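Engineer: First residue of the sequence shown: 12, per this note's numbering; consecutive thereafter.
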Amino acid sequence: MTILETRKLSRRFGALNAVSDVSLSLEAGEVRAIIGPNGAGKTTLFNLITGKLAPTGGKVIFEGADVTGVPAHALVRRGIGRSFQITNIFPRLSVFENILVGVLAGRGKTTNLFASLLSFETEAAEAREILDRVELGAKAGLPVSALSHGERRNLELGLTLALNPRLILLDEPTAGMSVEETASTVALIRRVAQSATVLFTEHDMGIVFSIADNISVLHQGSIIAEGTPEEIKGNRTVQVAYLGEEA
Ligand SMILES: Nc1ncnc2c1ncn2[C@@H]1O[C@H](COP(=O)(O)OP(=O)(O)O)[C@@H](O)[C@H]1O
Ligand SMILES: [Mg+2]
């Protein structure tokens, strides 16, 4: 089953075609990497898919429905999660409270939130389960300010998971992480991918080749190649355009 399709999706910034006629098709359960050099249009493409940015052309189809132009908050409710929104974290709440807020938001229960956070037993159990999934169970009671950069990124991912997305977009999930944090995030993405479709960008080709089922290569706003990690490694066009002439 196709979960996400983009049809000739395009975005211009003035004279610049940041994303140009991008047609992608993701199968449910797939882990797809979008690779390409800086400025290739990866983040812009993610912004178009998640409704953060309106396309200047083309369509986004999610689970068979045309969601082009649907705003980001509505797409989150429909099952598209993205994890690169550090602003969603409430710095003065604890790690656990942050996830609980996310779980409650996903169930439309935000209105009476501060009345009695801990009266939501079902949601609290779900929040604890999510914290375990993102390896923050032991940090549940700490204020967010006590977390390392990598732990904050895991918390962001936890917030994304709290909304039960069926499609998750991760824009450079390991950016700025230490070697240890990167390894744990890679393991985490693998686990997340067992219950959702994942679309991600990543600079580290080792990570890309180890977690992606398929790779789409973006170059100057256009998809220039698509295939399995093996196919992409052996693709001459990709080697020249992306990995460098010497490759
Ligand atoms: N809001 C914007 N206004 C103008 N140009 C932009 C904007 N966002 C991105 N761009 C340009 O679009 C191109 C693609 O950027 P981006 O999607 O961030 O690439 P990537 O994520 O692959 O590094 C770049 O040339 C960038 O400068
Ligand atoms: Mg980017």
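Heads up, the beta-carbon is just placed ideally off N, CA and C, and yes, glycines get one too.
Model, not experiment: these values are computed from the prediction.
(1) With a cut-off of 8 Å on the beta carbons, I'd call ILE14 and ALA39 a contact; round off their distance for me.
(2) List the DSSP bridge partners of THR239.
(3) Answer yes if the segment 156-164 comes into contact with the segment 72-91, meaning at least three C-beta pairs across the two stretches below 8 Å, and no otherwise.
(4) Measuring only the C-alpha atoms, how far is PHE24 from GLU213?
(5) Could you give the residue range of the alpha helix (DSSP H) that holds HIS214?
(6) First and last residue of the alpha helix (DSSP H) that includes VAL197?
(7) With a threshold of 16 other CB atoms inside 10 Å of the CB of THR171, please say whether the residue is buried or exposed.
(8) Using a threshold of 8 Å, state whether the C-beta atoms of THR248 and ILE234 are closer than that.
(9) Report the partner residues of THR208 according to the DSSP bridge assignment.
(10) Report yes if the CB atom of MET188 is closer than 8 Å to the CB atom of ARG163, and no otherwise.
(11) For THR13, report the span of its beta strand (DSSP E) as first-last.
(12) Using the DSSP secondary-structure output, state which residues sit across from PRO154 in a beta bridge.
(13) Could you pull out every residue in the same chain whose Cβ sits closer than 8 Å to the Cβ of THR239, ignoring the five residues on either side in sequence?
(14) In terms of residue numbering, what span does the alpha helix (DSSP H) encompassing PHE57 cover?
(15) Using a Cβ-Cβ cutoff of less than 8 Å, which residues in the same chain neighbour ALA258 once the five nearest sequence positions on both sides are dropped?
(16) Would you mind reading off the limits of the alpha helix (DSSP H) that contains ASN225?
(17) Can you give me the Cβ contacts of GLY232 inside the same chain, cut-off strictly under 6 Å, excluding the 5 residues immediately before and after it?
(18) Tell me whether LEU27 counts as near ligand 1, meaning its Cβ is closer than 7 Å to at least one heavy atom of that ligand.
(19) With distances taken Cα to Cα, identify the nearest neighbour of LYS63 among ARG43, LEU37, MET216, HIS84.
(20) Rounded to whole angstroms, what is the Cα-Cα separation between VAL228 and PHE131?
(21) For LYS53, is the beta carbon positioned less than 7 Å from some heavy atom of ligand 1?
(22) Locate the beta strand (DSSP E) running through VAL30, then write down its first and last residues.
(23) Among ARG18, LEU142, ASN246, GLU167, whose alpha-carbon lies nearest the alpha-carbon of GLY92?
(24) Could you check how far apart the C-beta atoms of ILE264 and VAL197 are, in whole angstroms? I think they sit under 8 Å.
(25) Checking the sheet assignment: what are the DSSP bridge partners for ALA76?
Structural biologist: Let me spell this out:
(1) 4 Å
(2) Beta-bridge pairing links THR239 to no other residue.
(3) no
(4) 23 Å
(5) Run containing HIS214: none; DSSP gives neither H nor E here.
(6) 190-203
(7) buried
(8) no
(9) LEU178
(10) no
(11) 13-24
(12) SER105
(13) ASP224, ASN225, ILE226
(14) 53-60
(15) Annotation note: pLDDT 44 at ALA258 (below 50); position unreliable, coordinate value reported separately. Result list for ALA258: GLN250, VAL251, in chain order.
(16) Here ASN225 belongs to no alpha helix (DSSP H); instead the beta strand (DSSP E) covers 225-230.
(17) ASN28, ALA29, VAL30, SER31, GLY52
(18) yes
(19) HIS84
(20) 45 Å
(21) yes
(22) 27-38
(23) GLU167
(24) As shown, the chain starts at 12 and ends at 258. That puts residue 264 outside it, with no answer to give.
(25) PHE73
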